[in-house]
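Only one structure is covered here, and it is reproduced in the block below.
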Amino acid sequence: MTGADRPAGGTTETATSQAARPARGMRGRRVLAQTRFETLAVLRNGEQLLLSLVLPLGLLVFLARTPLLEALGMIGPGADPLTLALPAALSLSLASTAFTGQAIATAFDRRYGVLRQLATTPLGTTGLILGKLGAVVVVVILQFALAFAIAAVLGFDAAIDVPAMILTTVLGTAALLSLGLLLAGTLRAEAVLAGANLVWVLMAGAGGLVLAHPGEWGTVVAYLPSGALGDAMRAAVASGTTDVKALIVLLVWGLAGTLAARRWFRFE
Amino acid sequence: MSQPALSIRGLRYSYGAHQVVDGIDLRADVGSILAVLGPNGAGKSTTISLAVGTRAPDAGEVRIFGLDPWRDHERTSVLTGVMLQDGGLPMSSKPLQILTHLASLYPDPVPVGQLAGPLGLDDFSTRTIRRLSGGQRQRVALAAALIGRPRLVFLDEPCAGLDPQSRAVVHGFIRDLRAQGVAIVLTTHDLAEAEELADEVVVIDRGRIIAHGAPEQLRNSSPENRRLVIGLAPPGPHPDLVATLDAIAPTAAGDSSVVVAGGLSSAQIAALCRAIAEAGVHITDIQMQAQSLSDVFFELTGRPLR
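Quick note, the sequences are listed as chains A and B, same order.
Note that my numbering gives residue 83 to position 90 of the first sequence, counting from 1, and the numbers run on in steps of one.
Here my numbering = 1-based position in the second sequence + 19.
Have a look at this one:
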């Protein structure tokens, strides 16, 4: 029987017996479908592309190709600026995708009732969150692949602690995404739009995300998600070491952010 | 009696101290349309979100084909389709992208083209939701509610902002669904819509059901509330005539018509007409009006529906 000649309704018997057997694989397929939909939404959106790809990769090329880092005394004379430019671009990529991008997208989805609508489908709220996480992971992998490709073309040749980099990425994503969703689920969409962009600028400019800060300020930002992510990424990529303290700071922020988002996130 | 598509008993829900749903009982059956009427803030939308299991009730019981939509959401969500008041559509996506995606979430979806064609979505399929008119968005939202081949459909103000043509299309869709054995729960402000479509109407106010029955039943429940409207020429005022009529039956006067309330006998109607003739005034129109749902609502709540 084709869909065309089958009624949308049916007897209650078929309705309940069909409902009584939720297909196992369906759950995974739905999350994948949501991941795909959310990923395409990011890649089709000009502002998201600017934030997630153009700015971090532009920063990479800019820092690697200009004498800025040497002039600021961030690296020694003759040292390879890529050792700072690559981790800076990776950390900024994470902040764009997991924090600012998701916070804004989710806040507007919430405002327009998209979250409520999807919650009524078989996807459910858990599937929706997993789908968003999946989309973040896909975009981050894409960002990292492009950043490493560009760095390789520019002649990057330094030690990378791959497990530390992966751990940094996972914990950084968890911390930033949970805080971004907390913002998206508690404030008005316009406030999130302004706030998440402002925080992005602050994290990049003064939060230790892109460059380490000297002195007392450096000590302070090391305990913020942005500073801890910056420290851990700089240690893993270029120095080839593991910054355990920074990873613990990220873990704590991730746990706190997840608990807070679960407690206060409102679908409407 | 067959299992109800939706059965709600003693439902309660509050936001803090504010009791939004205060003991509601509802039942929706397959192949019938239940209209839920009520002013803004009456608790209609909250009742729907409790019914579809996106909120847990404080007290009471909701069953969708016998299943609890809060605890058994995955199974009940396959059986239900929901059209929310604000659409619930992602602004930067295009209609068919959204429908194709939603279809992939259900085990046995309706082919997208089968909804897009009749609802006229193809006319604007290249535009994002952001660039659609309110009426166009409503039609996409209706398609979104039906894509999973639901057995129970919740439509929250499905015709708000629609032009008469789209409205007729949507009404046709709703009637087809009923004919196919779907249970439909429809909230509306539009009394004409409720009278036209619904098999059963419940009126909700301040979180409680204040009236319940078939539309005719609600309207005819009190024959005293029928009224006679008589058009007069030349336009008045005619104070002496109104005083004479008022002595026959309670009369309210406008300039070009009088409204006589109450269950009138033929003798009273004849007396009214004779009095008008004797006053030398022409009768331009005579109508015996049944009470509308709007009157019923006003009478029950003491305020207009909108």
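Beta carbons are placed, not taken as given, at the ideal position from N, Cα and C, and that holds for glycine.
Quantities reported herein were computed from a predicted structural model and do not represent experimental measurements.
Between residue i and the rest of its own chain, which residues show a CB-CB distance below 8 Å, the 5 nearest in sequence each way excluded?
i	result
Met19 of chain A	Pro115
Phe260 of chain A	Arg103, Leu108, Arg109, Ala112, Thr118, Gly178
Asp4 of chain B	Past the edges of chain B, shown from 20 to 325, lies residue 4 of chain B, and the structure says nothing about it.
Asp77 of chain B	Arg31, Tyr32, Ser33
I need the straight-line Cα distance from residue i to residue j, nearest angstrom please.
i	j	result
Ala254 of chain A	Glu215 of chain B	45 Å
Leu108 of chain A	Ala280 of chain B	50 Å
Ala249 of chain A	Ala144 of chain A	34 Å
Leu118 of chain B	Leu65 of chain A	53 Å
Phe84 of chain B	Pro23 of chain B	6 Å
Asp91 of chain B	Ala272 of chain B	59 Å
Ala198 of chain B	Gly191 of chain B	11 Å
Asp314 of chain B	Phe173 of chain B	26 Å
Val185 of chain A	Ala233 of chain B	47 Å
Phe141 of chain A	Leu79 of chain A	8 Å
Leu181 of chain B	Ile166 of chain B	20 Å
Gln308 of chain B	Gln236 of chain B	15 Å
Arg15 of chain B	Ala47 of chain B	Given a span of 20 to 325 for chain B in the structure shown, any question on residue 15 of chain B remains unanswerable.
Ser84 of chain A	Gly148 of chain A	20 Å
Pro114 of chain B	Thr99 of chain A	19 Å
Pro207 of chain A	Phe101 of chain A	38 Å
Gln27 of chain A	Leu121 of chain A	7 Å
Ala164 of chain B	Val97 of chain B	11 Å
Phe143 of chain B	Val131 of chain B	15 Å
Ser112 of chain B	Glu183 of chain A	20 Å
Leu240 of chain A	Leu160 of chain A	8 Å
Ser86 of chain A	Ala205 of chain A	17 Å
Thr(-5) of chain A	Gln133 of chain B	Any reading at Thr(-5) of chain A must be qualified, since the residue scores a pLDDT of 36, below 50, and its modelled position is unreliable; no value is offered.
Gln155 of chain B	Ala135 of chain B	11 Å
Thr5 of chain A	Leu25 of chain B	Since pLDDT at Thr5 of chain A reaches only 42, below the 50 mark, its modelled position is unreliable, and the value read off the structure follows with that caveat. Those two C-alpha atoms are separated by around 11 Å.
Take residue i as the anchor and find which of the options has the nearest alpha-carbon.
i	options	result
Ala312 of chain A	A:Phe260, A:Gly200, A:Asn38, A:Leu243	Residue 312 of chain A lies beyond the range of chain A shown here (-6 to 261); nothing can be said about it.
Arg29 of chain A	A:Leu175, A:Ala100, A:Gly124, A:Gly94	A:Gly124
Ala162 of chain B	B:Arg197, B:Leu103, B:Val55, B:Leu237	B:Leu103
Ala225 of chain A	A:Leu77, A:Asn38, A:Phe55	A:Leu77
Asp304 of chain B	B:Pro253, B:His257, B:Asp259, B:Gln287	B:Pro253
Asp105 of chain B	B:Ala122, B:Arg158, B:Leu98, B:Thr145	B:Arg158
Gly200 of chain A	A:Leu222, A:Arg181, A:Gly188, A:Ala187	A:Leu222
Thr263 of chain B	B:Leu251, B:Ser285, B:Arg293, B:Ala230	B:Arg293
Gln38 of chain B	B:Gly50, B:Leu25, B:Lys63, B:Leu56	B:Lys63
Leu126 of chain A	A:Ala72, A:Leu52, A:Gln95	A:Gln95
Pro58 of chain B	B:Ser284, B:Arg94, B:Ile223, B:Gly35	B:Ile223
Ser16 of chain B	B:Val278, B:Leu247, B:Leu260, B:Gly79	Only positions 20 to 325 of chain B appear in this structure, which leaves residue 16 of chain B out of reach.
Asp73 of chain A	A:Arg227, A:Arg256, A:Leu164, A:Asp150	A:Asp150
Asp202 of chain B	B:Arg82, B:Leu151, B:Val49	Correcting the residue identity first, residue 202 of chain B is Ala in this sequence and not Asp. Cα-wise, what sits closest to Ala202 of chain B is B:Val49.
In the DSSP assignment, what are the bridge partners of residue i?
i	result
His37 of chain B	B:Tyr34
Ala367 of chain B	Absent from the model: residue 367 of chain B. The displayed extent of chain B is 20 to 325, so no value can be given.
Gly100 of chain B	B:Val172
Ile153 of chain A	A:Val230
Asp224 of chain B	B:Arg227
Met307 of chain B	B:Leu247
Arg82 of chain B	B:Ser26
Thr270 of chain B	B:Val279
Thr207 of chain B	B:Leu56
Gly232 of chain B	B:Val220
His301 of chain B	B:Ala252
Ala202 of chain B	B:Leu171
Output needed for residue i: all residues of its chain with C-beta closer than 6 Å, excluding positions within five of it in sequence on either side, in chain order.
i	result
Gly255 of chain B	Asp274
Thr90 of chain A	Ser45, Val129, Val132, Val133
Gly2 of chain A	In this predicted model, Gly2 of chain A has a pLDDT of only 41, less than 50, meaning its place in the structure is not dependable; the value taken from the coordinates is given anyway. Here the set comprises nothing.
Gly198 of chain A	none
Tyr125 of chain B	Gly167
Leu319 of chain B	Ile229, Ala230
To which residues of the same chain is residue i closer than 7 Å at the C-beta, ignoring the five residues directly before and after it?
i	result
Asp209 of chain B	Cys178
Thr9 of chain A	For Thr9 of chain A, the pLDDT reaches just 47, beneath the cut-off of 50, and the residue's location in the model is therefore unreliable, although a value from the coordinates is still provided. Excluding residues within five positions, none has a Cβ falling inside 7 Å.
Asp154 of chain A	Ala229, Gly233, Thr234, Thr235
Pro218 of chain A	Ala168, Leu169, Leu172, Leu243, Trp246
Pro128 of chain B	Ala122, Ile166, Gly167, Arg168
Gln287 of chain B	Ile267, Ala268
Ala13 of chain A	A caution first: Ala13 of chain A carries a pLDDT of 44, below 50, which makes its placement in the model unreliable, though a value can still be read off. For Ala13 of chain A, where only same-chain residues beyond five positions count, there are no Cβ hits under 7 Å.
Ser185 of chain B	Gly154, Arg158
Val24 of chain A	Gly120, Leu123, Gly124, Gly127
Contact residues within the stretch 30 to 45 of chain B, judged by C-beta distance below 8 Å to chain A:
none
Chain B contacts made by the stretch 101 to 133 of chain A, where a contact means CB separation under 7 Å
Listed by position, the residues of the stretch 101 to 133 of chain A near chain B (Cβ gap below 7 Å) are Phe101, Asp102, Tyr105, Gly106, Val107, Arg109, Gln110, Ala112, Thr113, Thr114, Pro115, Leu116, Gly117.
When you check each C-beta in the stretch 188 to 216 of chain A against every C-beta of chain B, which residues fall closer than 8 Å?
Listed in sequence order: no entries.
Members of the stretch 119 to 145 of chain B near chain A, C-beta cut-off 7 Å:
Considering only beta carbons, the part of the stretch 119 to 145 of chain B lying closer than 7 Å to chain A consists of His120, Leu121, Ser123, Leu124, Tyr125, Pro126, Val129, Pro130, Gln133, in chain order.
Check each residue of the stretch 264 to 282 of chain B: if its Cβ is closer than 9 Å to any Cβ of chain A, include it; give the result in chain order.
none
What residues in the stretch 287 to 307 of chain B bring their beta carbon closer than 7 Å to a beta carbon of chain A?
none
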